[in-house]
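Inspection log for the structure reproduced underneath, given as structure tokens.
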Amino acid sequence: MSDGKQLEYEEEEESVGQQRVPREDGTELPLKEGAVFGTIAVVATYLSHLYLTIVASAQATPTTYTDGDTTVVTDLVSSWVAAGWSYLSTFGVGFEASGEAATLGQAPNNVAAITNVPFTLATTALFAVTVGTVVAAGYGIARYTDADDPVEAVKAGLTVVPPYLVFAALAAFLMTHDYSDPQLVGRIVDSVGPLEAGQFFNDEGNVVSNLTFGPSMTDAVLFAGVIFPAAFAVAGALSTQWEEVVDTAIAKVNER
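Here our numbering is used: position 180 in the sequence shown is 203, and no number is missing along the way.
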């Protein structure tokens, strides 16, 4: 008899426990689902930049110069690297040349689609795709999880941010280019004020140290990894609650 009561008690306790844990992973945030939405958005956006960068590279002519009787053809920045630069710059990420602040336009042989448009309005299209995909991811996760109020929608929207953060950090770390050609190194040194020729050239004019050009890690993490993805994802998530948001705003106004 006592065994039956004990069994009933355990079943009731388990039922209460299940009610307190709304998700299998023990958290109210849809972290796994958000990671899926965010990853799809990041990959789709990068591939858009990569495709247009490849198109731009097909139309680009690398820098050439004459060294004695020889015509030297320099190498373009790899398309996969330039696509990462294009992606990050859309979020306002700055760049560095051997540790000094620089702009994307100061990188020679750069085929990033955002600065080498293959067709009219490509820059606007890339910006719309980059921002619109974040908004769509926030909207999608809020819909998928059936967020029933603005607070829940915001929480759901923020779960798409981690993939953006991971990709931004990896892109800033991996997507760099080392310039070793004296003509190209010289162009960057001339355009980036704080750099000095003595850092890279010997007295004979030969390059003794490559010049590394790439995204700023700080900017990438802050702007492309956290601030803008969070803002746009939350905006997308809140768009699923627009009626309640409007009603709340009107109520606040009426209270005053």
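Quick reminder that beta carbons are idealized off the backbone N, C-alpha and C, glycines included.
In this text the structure is predicted, and so the values were computed from the model without any measurement.
Look at residue i and residue j and say whether their C-beta atoms are less than 9 Å apart.
i	j	result
Val244	Ala195	yes
Asp201	Thr156	no
Thr187	Val65	The sequence given here places Tyr at residue 187; Thr does not occur at that position. It is a contact, given that the beta carbons lie within the stated cut-off.
Phe222	Asn139	In the sequence as presented, Phe is not what sits at residue 222; that position holds Gln. Not in contact: Gln222 and Asn139 (Cβ atoms no closer than 9 Å).
Phe353	Gly209	The chain is shown only over 24 to 279; residue 353 falls outside these bounds and no answer can be derived.
Ala192	Gly248	yes
Could you check if residue i is buried or exposed, using at least 16 other CB atoms within 10 Å of its CB as the buried criterion?
i	result
Thr263	buried
Ala67	exposed
Trp265	exposed
Val184	buried
Glu175	buried
Ala274	exposed
Ala260	buried
Val276	exposed
Pro131	buried
Tyr88	exposed
Leu70	exposed
Gly57	buried
Return the CA-CA distance between residue i and residue j, expressed in angstroms with no decimal places.
i	j	result
Thr168	Ala179	8 Å
Ala165	Trp108	30 Å
Arg46	Leu54	For Arg46, the pLDDT reaches just 47, beneath the cut-off of 50, and the residue's location in the model is therefore unreliable, leaving the point undetermined.
Asp172	Phe150	30 Å
Thr113	Ala79	17 Å
Ser232	Gln206	13 Å
Thr94	Thr241	39 Å
Glu278	Val257	26 Å
Ala91	Val230	Sequence check: residue 91 is Gly here, not Ala. Taking the straight line from one Cα to the other gives about 17 Å.
Asn133	Leu99	6 Å
Leu52	Thr146	35 Å
Pro85	Ser102	13 Å
Leu127	Phe246	16 Å
Val152	Glu227	48 Å
Val104	Ile77	11 Å
Note down, in chain order, each residue of its chain lying with its Cβ closer than 6 Å to the Cβ of residue i, except the 5 sequence neighbours on either side.
i	result
Glu33	The pLDDT assigned to Glu33 is 49, lower than 50, so where the model puts this residue is not dependable; a value taken from the coordinates is nonetheless given after this. The answer is none, since no qualifying residue turns up.
Phe251	Phe114
If I measure Cβ to Cβ from residue i and keep anything under 7 Å in the same chain, skipping five residues before and after, which residues do I get?
i	result
Val215	Ala120, Glu123, Ala125, Gln129
Pro238	Trp108, Leu111, Val116, Phe118, Ala194, Ala195, Met198
His72	Ala106, Ser109, Tyr110, Ala136, Leu149
Asp204	Thr97
Ala253	Leu181, Val184
Val59	none
Leu75	Ala136, Pro141, Ala145, Leu149
Thr62	Pro186
Pro217	Glu123
Can you tell me which residues form a DSSP beta bridge with residue i?
i	result
Thr87	Val96
Pro238	Phe118
Ala125	Phe118
Val230	Phe224
Asp201	Thr235
Kindly list the residues whose CB is nearer than 8 Å to the CB of residue i, restricted to its own chain and excluding five residues on each side of it in sequence; keep chain order.
i	result
Glu21	Only positions 24 to 279 of the chain appear in this structure, which leaves residue 21 out of reach.
Ala159	Ala64, Gly259
Val177	Val257, Ala260, Leu261
Phe255	Val154, Val157, Val158, Gly161
Between residue i and chain C, is any beta-carbon pair separated by less than 9 Å?
i	result
Phe196	Any reference to chain C falls outside this structure, which holds one protein chain only.
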